[in-house]
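If you're matching them up, the sequences are chains A and B in order.
First residue of the first sequence? That's 497 in this note's numbering, and the numbers climb one at a time after it.
First residue of the second sequence? That's 9 in this note's numbering, and the numbers climb one at a time after it.
Virtual Cβ for every residue (Gly too), placed ideally from N, Cα, C.
Structure first, commentary second.
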Amino acid sequence: MKTRDATRFAFDALRGYRTRTLLMLLAMSIGVASVLVLTSLGEAARRYVTGEFASLGTNLIIVLPGKSETTGGGSPNLLGGTTRDLTLNDALAVSRSSLINHMAPLIIGSAPVSVRNLQRDVMVVGTTSSLLDVRQWHLGKGQFLPETDIDRASFVTVLGSTLKQELFGAKNALGEWVRIGDRRFRVVGIMAAQGRSFDIDVENVAFVPVASAQMLFNTQSLFRILLDTRSRESIPRAIEHIRRTLRERHQGEEDVTIITQDAVLATFDKILRALTLTVAGIAAISLAVAGILIMNVMLVAVSQRTTEIGLLKALGAPRRQIIRLIMTEAALLSSMGAGLGLLVGQIGSNLIGYFYPALPLGAPWWAFVAAIGVALGTGLLFSLLPARRAAQLDPVQALARR
Amino acid sequence: MIQLTDIQRDFQVGDQQVHALRDINLQVAAGEYISIMGPSGSGKSTLLNMIGLLDQPTAGHYQLDGQDVTTLSDEQQARTRREKIGFVFQFFHLVPRLTAAQNIALPLVLAGMSEKERNKKVTQALTQMGIADRAEHRPDQLSGGQRQRVAIARATVIGPAVLLADEPTGNLDSASGIEVVKILEQLNTNGLTLLVVTHDEALGKRARRRIHMKDGLIEHDTLQNHPSLANP
């Protein structure tokens, strides 16, 4: 029997039992579509998060006080090594290298910000003018913090766009005075609206010079130091430089944690990819269920068409050919179902993309391969049993029935 | 051409052993016209299925064209069935979703013949059966006689040596029954070996050689020199 004839015969058989075929296609396509939609959602989440990290700046190095890894020797506290604060002088010392492009120290605290009788509790960030360059944020109006000596306190502030809206409404805020904690600050700039930037809600924050923040929160220690290098390649050397400088300044003890953009990115990438694989796996179960449905349908088909199979045998079809015909039918069913599923999945993704334009949707290539592969695989695997049953039919008994 | 030696066929029905065929010895020469008659359960259909390789004997030997076919593999048996044997059934057994032409083409499709060659043969068979105008009709659009003619066309399209008919008129009115019988006899005249299983005495008497069966045994095997073709 020629492949083309076998295919046509199987196709005619499927067309002969329309309802059953349509239901089967529905089950298969839902399975395939759910694999595609779920993986594309997972992928979208991954791309969204990694995109957020990339917006931190790709050459970013973050220095935190305290060693987060305990490398042998038990607890560092038992050895008498208390965590030293990171100070402004540390930050300055670290930034004195040709490897470092910009340096921005960070002090973060929460304080009430008020204008007359309007008050908001927001995050107050003490930093320097370099922060804009390091984080690649954009200023809306006015100017950012002035480029002065790092240890000089001046009472100016830059407000996030939401905060400005809440305190001043549509009125002009530049040049006005706000009270932060127990001190008065003059507003010199407003940030552009740019949404949440991973760790800091830029729209709802007040920036002040780092020395002013030290006074405000009565502390010398920095929350962290942000640095960026001139190029991606110089990151390892820059890290080495930072580590050496701080070890010298901290009496030979290495008590800071240095994180690079790349490391964080890679970790999140891994976690989210695992997440995507998990949802894909769950969706694949629905495909397997569709496969079992195919088995059921083909078993029914075989018993419905007992006489037909008996006839084929009488006309000279060997067992192998009967098996092939049933398998062809199942393969057609599952591949048409897969095709339909691809279409439905694409439409589903487009719909989600339409309602949530921020999500970078799009199923990865392996999801397509996996969906179609599992669809065809289960379809064929689960049609083996019905096909064998058909092949074993006794033609005499099959033909004895009307 | 067909030689059955000590053929035996037992069935297990519940805990009882049923002997459908016992020690059947039968020789059929090419071109013969044989009717097999007998009451229900006498084993006549089983004998026909045995000759058609749809059933396997429990014991004994079956030689077709000098070849022992009982020992062939499934694949070889299917091939033999396809090339040498045609079946006509009481209930026609046409595939309901296929047209008359497609039904007739089935054995050719199974044999892997190209579509062009197939179409030629099918058209020829349709014309020979006088149903060329019904080629694109599906079985439910055909009368009983037309359906059986499609079935005969399907059984003979590949050019078999033997045609096995199991109650070919059993489901037809007498007029179309006679038409069908005449077609079968015409095929026999052209050299096809014809074996007809029937209840119908009148139909059975048309054959030159008549085999009567009872309880799995051949009771009579009579050869008539002057077939009563005159009174249908």
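- With a cutoff of 7 Å on beta-carbon distance, A:Pro882 and A:Met794 are scored as near each other.
- Residue contact with chain A for B:His101: present (Cβ-Cβ distance below 7 Å to some residue of chain A).
- Secondary-structure assignment with DSSP links A:Met619 through a beta bridge to A:Ser606 and A:Val701.
- Across the set A:Gln690, A:Asn613, A:Arg682 and A:Leu655, the C-alpha of A:Gln690 shows the shortest separation from the C-alpha of A:Gln632.
- Taking a beta-carbon distance threshold of 7 Å, A:Ala894 does not count as an interface residue toward chain B.
- Interface residue (Cβ-Cβ distance to chain A less than 7 Å): B:Ala86 is classified as such.
- When secondary structure is reduced to three states using DSSP, B:Asp174 falls in the strand class.
- In the three-state scheme derived from DSSP, where H, G and I count as helix and E and B as strand, B:Phe19 is classed as strand.
- B:Gln24 has its alpha-carbon roughly 41 Å from the corresponding atom of B:Ile112.
- Per DSSP, the continuous alpha helix (DSSP H) segment holding B:Met58 begins and ends at Lys52 to Ile59.
- Contacts between B:Pro115 and chain A, judged by CB atoms closer than 8 Å, involve Leu811 and Gly812 in chain order.
- Taken atom to atom, the span from the alpha-carbon of A:Ser625 to that of A:Arg720 is near 16 Å.
- The alpha-carbon separation between A:Val621 and A:Asp751 amounts to approximately 24 Å.
- The C-beta of A:Met791 comes no closer than 7 Å to any C-beta of chain B.
- Per DSSP, A:Asp724 lies in no alpha helix (DSSP H) segment; the continuous beta strand (DSSP E) that holds it begins and ends at Arg720 to Thr725.
- Note on A:Leu635: under 16 other CB atoms within 10 angstroms of its CB, so exposed under the neighbour-count rule.
- Out of B:Leu192, B:Ser53 and B:Ala183, the CA that lies nearest to the CA of B:Ala161 is found in B:Leu192.
- Between A:Gly512 and chain B, the shortest Cβ-Cβ separation is below 7 Å.
- Secondary structure of A:Met687 (DSSP, three-state): strand.
- DSSP assignment within the region 745-806 of chain A yields the following whole alpha helix (DSSP H) runs of 4 residues or more, N-terminal first: 757-800.
- Per DSSP, A:Asp581 lies in no alpha helix (DSSP H) segment and is marked neither H nor E.
- Where B:Asp31 is concerned, the enclosing beta strand (DSSP E) starts and stops at Gln24 to Val36.
- For A:Arg631, no beta strand (DSSP E) segment is defined; the enclosing uninterrupted segment is the alpha helix (DSSP H) at Leu627 to Arg631.
- In the DSSP assignment, B:Arg155 falls within the alpha helix (DSSP H) that extends over Gly152 to Thr164.
- A direct Cα-Cα distance of roughly 7 Å separates B:Thr131 from B:Ala140.
- Chain order gives no chain B residues near A:Met823, where near means a beta carbon separation below 9 Å; the closest approach is about 16 Å.
- Put simply, of A:Thr546, A:Ile788 and A:Val611 the residue whose alpha carbon is nearest the alpha carbon of A:Phe878 is A:Ile788.
- For A:Leu877, no chain B residue has a Cβ inside 8 Å of its Cβ, as the nearest lies near 24 Å away.
- According to the DSSP secondary-structure assignment, A:Gly638 is paired through a beta bridge with A:Gly685.
- Taking every protein chain shown into account, the CB of A:Thr517 has 16 or more other CB atoms within 10 angstroms, so this residue is buried.
- Boundaries of the beta strand (DSSP E) around B:Phe95: Ile93 to Val96.
- Interface annotation, B:Gly120: in contact with chain A, CB-CB separation under 7 Å.
- One Cα belongs to B:Val204, the other to A:Ala867, and the distance between them is close to 55 Å.
- Only Gly120 from the region 120-148 of chain B bring a Cβ to less than 7 Å from some Cβ of chain A.
- A:Leu655 has its alpha-carbon roughly 12 Å from the corresponding atom of A:Ser610.
- Only Arg511 and Gly512 from the region 510-534 of chain A bring a Cβ to less than 8 Å from some Cβ of chain B.
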